[in-house]
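Chemist: Can you read through this structure? Questions will come right after.
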Amino acid sequence: MANSRFEYVKSFEQPDVLLPNTWIVVRIDGRGFHKLSDHYAFKKPNDRRALDLMNAAAVEVMKELPDLCIAYGVSDEFSFVFHPNCQLFERRNGTTPSRKLVTTIVSTFTAHYIYKWSEYFPERPLLPPYLPSFDGRAVIYPNNRILRDYMSWRQVDCHINNLYNTTFWTMVLQGGMSNTDAEQELKGTVSADKNEILFKRFGINYNNELEIYKKGTVLYRQYELEEPNPTKSHADEETPVVESKQSRSQQDKIRKLRRKAQVVVDHVDIIKDEFWEKRPWILSGNP
Ligand code: DGT
Ligand code: MG
Ligand code: MG
Ligand code: MG
Ligand code: MG
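Here it is, written out as structure tokens:
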């Protein structure tokens, strides 16, 4: 582009770089899904089709961006995780702009969510002004332990909210209580109290609820490498600093392997070591 007297406006664009060699998590969240879920009559507390649609859109994001190594979703949110050795958008030069990653993920996810909507809700066409949109943010985490604590935080949140919502909506829908009365009774209760209300009053054993509701959804790539009986734990070892040592062709090879791998949709514990020990490639980033 030729120089023009207008070009100086470029200097107003400020960098928003993400530190190199760190985990990057982009978390997206549905905007105003409280209203949206009411409008399209999502089942309370959990709508299986709505969750399946979230997961299907997230799988497409994983397929389009092979640099993603794991994702975790619950309710109207999804966290997408880039490995420290990821060189998407020229991270090699330390110049991955946060906004570029976030906007790419948010728009790719939203596009697929809307595209697939009619497959999951054929009888409820999307109509303005109730169109789904998502916000997003990128956060960096300096090591494996903190990345795993982030993932654990989201899964604990899933558990706490789901136990509350399951109890609340059972009291309202099966127990005939008003929203305010149920809310009042649940104020200050701990998990054991809610389990007891469910079991004693409604004969519901919370443990028998679906795993997708209790644990949320984890997406990762499956290779032939799975270690069925891990003998040695690599899960807590720090990621070696490989960024500057991986050549472009190595990166391309890894991307190819990742593209070919199947994206698995799972509903399992990601807090304990077992999940990470069985799939060492997620933390090692290779492939
Ligand atoms: P935001 O994120 O600040 O724009 O506002 P919301 O309304 O999206 O609030 P948020 O993200 O804190 O909470 C998620 C909302 O989505 C919550 O009100 C319940 C609703 N939601 C998500 N999944 C389901 C579902 O499976 N069934 C029903 N009935 N509602 C759901
Ligand atoms: Mg939000
Ligand atoms: Mg939301
Ligand atoms: Mg949310
Ligand atoms: Mg362009």
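In this text, residue positions in the sequence shown follow the UniProt record's numbering: the first is 1, and each later residue adds one. We put the beta carbon where it would ideally sit given N, CA and C, even for glycine.
For ligand 4, list every residue whose C-beta falls under 7 Å from any of its heavy atoms, going in chain order.
Modeler: Listed by chain position, these are 29, 30, 33, 75, 76 and 77.
Chemist: So residue 146 packs on residue 18, CB below 8 Å; how close in whole Å?
Modeler: So it is not a contact: roughly 15 Å between Cβ atoms.
Chemist: Check the C-beta distance from residue 73 over to residue 216 and give it rounded, since I have them as a contact under 8 Å.
Modeler: Indeed they touch by this definition, with Cβ atoms about 6 Å apart.
Chemist: Can you check DSSP and say which residues form a bridge with residue 79?
Modeler: DSSP output for residue 79 lists 27 and 72 as bridge partner(s).
Chemist: Closest to residue 221 by CA distance: which of 266, 138 and 195 is it?
Modeler: Minimum Cα distance to residue 221 is reached at 266.
Chemist: Is residue 206 near residue 186, with beta carbons less than 8 Å apart?
Modeler: Contact: no.
Chemist: Taking the alpha-carbon of residue 159 as reference, which of 27, 287 and 268 has the nearest alpha-carbon?
Modeler: The residue with the shortest Cα to Cα distance from residue 159 is 268.
Chemist: Near residue 179, which residues of its chain fall below 7 Å by C-beta distance, leaving aside the five closest residues on each side in sequence?
Modeler: Cβ neighbours of residue 179 beyond the five flanking positions: 172.
Chemist: Is there at least one non-hydrogen atom of ligand 1 closer than 7 Å to the beta-carbon of residue 50?
Modeler: Yes, ligand 1 has a heavy atom inside 7 Å of this Cβ.
Chemist: For the beta strand (DSSP E) containing residue 139, list its first residue and its last residue.
Modeler: Start and end: 134-141.
Chemist: For residue 105 versus residue 24, is the C-beta spacing smaller than 8 Å?
Modeler: No.
Chemist: Could you work out which residue in 251, 26 and 270 is closest to residue 136 when comparing CA atoms only?
Modeler: When each option's Cα is compared against that of residue 136, the closest is 26.
Chemist: According to DSSP, is residue 108 helix, strand or coil?
Modeler: Looking at residue 108 - three-state DSSP - the assignment turns out to be helix.
Chemist: Could you check which residue in 148, 125, 12 and 66 has the C-alpha nearest to that of residue 262?
Modeler: Checked all of 148, 125, 12 and 66; the closest Cα to residue 262 is 66.
Chemist: Near residue 126, what residues of its chain come up, given a Cβ to Cβ distance below 6 Å and the 5 sequence neighbours on each side ignored?
Modeler: Closer than 6 Å at Cβ, skipping near neighbours: 117.
Chemist: Quick one: which unbroken beta strand (DSSP E) runs of 3-plus residues sit fully inside the stretch 133-219? Chain order, please.
Modeler: Counting only runs of 3 or more, we get 134-141.
Chemist: Just reading off the alpha helix (DSSP H) that residue 288 is part of, what are its end residues?
Modeler: Because the chain spans 1 through 287 in this model, residue 288 falls outside it and cannot be assessed.
Chemist: Counting beta carbon pairs with one atom in the stretch 107-124 and one in the stretch 53-70, are three or more of them shorter than 8 Å?
Modeler: Cβ pair count under 8 Å is three or more, so yes.
Chemist: Flag this pair as yes or no: are the beta carbons of residue 271 and residue 218 separated by less than 8 Å?
Modeler: Result no, Cβ atoms of residue 271 and residue 218 do not sit closer than 8 Å.
Chemist: Would the C-beta of residue 214 count as close to ligand 1, meaning under 7 Å from any of its heavy atoms?
Modeler: No, since every heavy atom of ligand 1 falls outside the 7 Å radius drawn around the Cβ of residue 214.
Chemist: Compute the minimum distance between the beta carbon of residue 79 and the heavy atoms of ligand 1, and state whether it is under 7 Å.
Modeler: No - ligand 1 has no heavy atom lying nearer than 7 Å to the Cβ of residue 79.
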